[in-house]
Structure formats: structure tokens, C-alpha cells
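Residue numbers (the numbering used here): 619 to 981.
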């Protein structure tokens, strides 16, 4: 066998790790050069190094993944890095996925990037973007201890976050804003989801399954639909021949048990993230507020009914796969964690039921 030296290493290869053997070597036993001195057939030299900083929340990370499609189109040879708090939700096609830890920050500080896209306004993300090395930076940095837009392209997204009237007047979706911030035009690029296979579910065959995601987290309780409404909706759907499947996490467990008991609808429990995504994938339609389940359902191409009362409806890109329902009440709880009027009670069960039937009839 030809002796290989450090000078033979393809340091710029997408698969080269430096600290452990690369994937092609582990799977095929190849070296960077073969015995005749030819390049390994798996050699894939990378071009630019690109870093995305999008830490969380999980739903926001999911709905930022369409940007990967545009980056791969614009820079097909680029090596893409992503720094986040929720590594498990990102597709494995990303070259380097890093958790937001001191170890990752130390690594990033030693890398020269071509472009950094910081899409978060949190101080820690802005401060990190300010200190890292890159030829081009887009998005937000820190200035005098506060988030600040790097350039003209970031100013629209910045202003919608500091003034409610500008936010309410906005007609762009989150994806449009993020793409423009990065210097691109949004053209309907879809989410990129991790694999959701590997789980089996005992569900009624040949019936439409409607996921009822009853929670909305503990930060924005103003978005909660009354519990009795969920019970009534589940009963109506079941009577019409559909299978209502209650969805939620640990926080919704007791509520979902109660709704399931009162409506005699299906509730399978709460699960790990991967298994929850698989459960959502069993549904033909998902009824939900703005939650992680919403973005999972969008990513999986499900029909969607989105409850909204406190956000700008234009923010949400449903890709033509659903409808946004809002209360028949002119409320003042815009971006408020609680609602003094309990305005979600003005979104009737009959209206939600009729929308379910219409969307599934058109499927």
C-alpha cells in the first residue's frame, strides 16, 4: 500500500474531519489518494464557509430551514454551519450542526467564515455575531449592549420588532423577511424536516385523522381556545366519521386526558420530539395555535387550521395548505401573553368544524 502523508490529505473535502476518520473511509476503506496517487472518488471540495445563527425557539428554527434551499442554490459547494439550541430538529444534510455551548463558541472563534447570517435578535446571538470573523455579515449585531441591524436589508425586520404599529402594518411572511434580510427573494421554498419514520401507530384505517393540538405553551396563554370548545369539536368530528386525535406535550397531558374522556376521542399520550413528529405525520389535518406542532405540520405537508389572535396573520406561510381562523372580536391583545377579554371564545366551534370539513373535502 502506498504510504500516505499529511501533505496528501484533502483538508478541504466536505467529509474530512481531522479528529476522526471520515465517513467514506469508514464505509469503503478509502484514503484521500489511492495507490496510483489519484484523488479519492468521494472527494468533494467545499467552497465558501457559511454560518447560520438561529438559536430558537424550535418552531422558528424549523421555519428558517427553507433558507438552506436558497443557500445551496446560490452556493452549491458551500460548507454550511448552523448554531442552535435545538440541534435535534435540523436536517442532517447540514455540514456542521453545533449546540450553543462554550465549546462551540470556542470552535467558531477559530474559524474564518465567508458569510455569517445572524437571524436572532437575542443579545447573546448578536454579541457572538459581532465577535466572530467573516468577510460578510448579515442580520443583527450588538451595539452599545443592544441588538442592531447590520445593513439596510435588516432594517425592515428590525423595525417590526420594536414598534407594534409597524408590525401590524407588515404584509410580509417570516420567510419573506428572513430571505430579504439575507439578500435573497423568497420563492415558496419549503421547510426541510428530519426523518420521521421508525414508529408504528395503531390508528383506524380508511378514516380521516384530524389532529387537535390543544395547547400553546405557557408564555402566550392568550392564545388558548376554551377547553369545552375542544370537547365539542371532537364530538362533532367523531359523529361525522372523522378520527379526532388529541395532540400535545407533557404540559397538555392532564387536559388531553380530560378532553379525551369527555369526548371519547383518541389520545395516545405525549412523546419524544421524534415520535411526536411521527404522530403528527399520521394526521390528514391539524388544528392548532401557533406552536411547534404548527411548524411540524407545515413541514410534513399537512392540511392546517391555524388559530391566531395575537400575531400578524401575514407572518405565517402555510404554502396554500390551510386557513388562518381568528376570533370575531376586535381585541387589543396584540403580542400580549394574556388577554383581558378572553377573545378566543369568539372563535366558534361551528366555524372550526365547517372549515375542517371543507378542507378535507377539497383534499
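Cβ atoms here follow ideal geometry from the backbone N, Cα and C, with glycine treated the same way.
Bear in mind that the values here come from a model prediction, so they are computed numbers and not experimental data.
Asked, Found
"Helix, strand or coil, according to DSSP, for residue 973 in the structure here?", "helix"
"For the beta strand (DSSP E) containing residue 730, list its first residue and its last residue.", "730-736"
"Measuring straight from C-alpha to C-alpha, what distance separates residue 875 and residue 886?", "9 Å"
"My assumption, with CB atoms under 8 Å, is that residue 700 sits in contact with residue 723. Please give the rounded CB distance.", "Not a contact, Cβ separation roughly 14 Å."
"Just to confirm the assignment, what range does the alpha helix (DSSP H) spanning residue 680 have?", "676-680"
"Among 757, 678, 958, whose alpha-carbon lies nearest the alpha-carbon of residue 734?", "757"
"Determine the DSSP secondary structure at residue 951, reduced to helix, strand or coil.", "coil"
"By DSSP's criteria, residue 943 is part of a beta bridge. Which residues make up the other side?", "925"
"Compute every distance between the C-beta of residue 787 and the non-hydrogen atoms of the ligand MN, then say whether any falls below 8 Å.", "Questions concerning the ligand MN fall outside what the structure shown contains, since it holds no ligand whatsoever."
"By alpha-carbon positions, which one of 743, 942, 847, 944 ends up nearest to residue 764?", "743"
"Taking 6 Å as the limit between beta carbons, can you name the residues of its chain near residue 950, skipping five residues before and five after?", "none"
"If you compare alpha carbons, which of 969, 970, 955, 638 is closest to residue 835?", "955"
"Pairs of beta-carbons, one from the region 788-797 and one from the region 812-831, closer than 8 Å: are there three or more?", "no"
"By DSSP's criteria, residue 698 is part of a beta bridge. Which residues make up the other side?", "668"
"With C-beta atoms as the reference, is residue 687 less than 9 Å away from residue 935?", "no"
"Roughly how far, in whole angstroms, is the beta-carbon of residue 631 from the beta-carbon of residue 663, given that I think they are within contact range, below 8 Å?", "6 Å"
"Return the first residue and the last residue of the alpha helix (DSSP H) that residue 842 is part of.", "No alpha helix (DSSP H) holds residue 842; DSSP gives it neither H nor E."
"Note down the Cα distance separating residue 773 from residue 780, rounded to an integer number of angstroms.", "11 Å"
"Ends of the alpha helix (DSSP H) at residue 642?", "641-646"
"With residue 923 and residue 898 assumed to form a contact (beta carbons below 8 Å), what rounded beta-carbon distance in angstroms separates them?", "Between residue 898 and residue 923 the Cβ distance is about 14 Å, and since that is not below 8 Å, they are no contact."
"Is DSSP giving residue 716 helix, strand or coil here?", "strand"
"From residue 771 to residue 693, what distance separates their C-alpha atoms?", "20 Å"
"In three-state terms, what does DSSP make of residue 879?", "helix"
"For residue 757, write down the residues that DSSP places opposite it in a beta bridge.", "736"
"Reducing DSSP to helix, strand and coil, say where residue 629 ends up.", "coil"
"Go to residue 830, then tell me how far its beta strand (DSSP E) extends in each direction, as first and last residue.", "827-831"
"With three or more C-beta pairs closer than 8 Å as the rule, is the region 837-855 touching the region 930-946?", "no"
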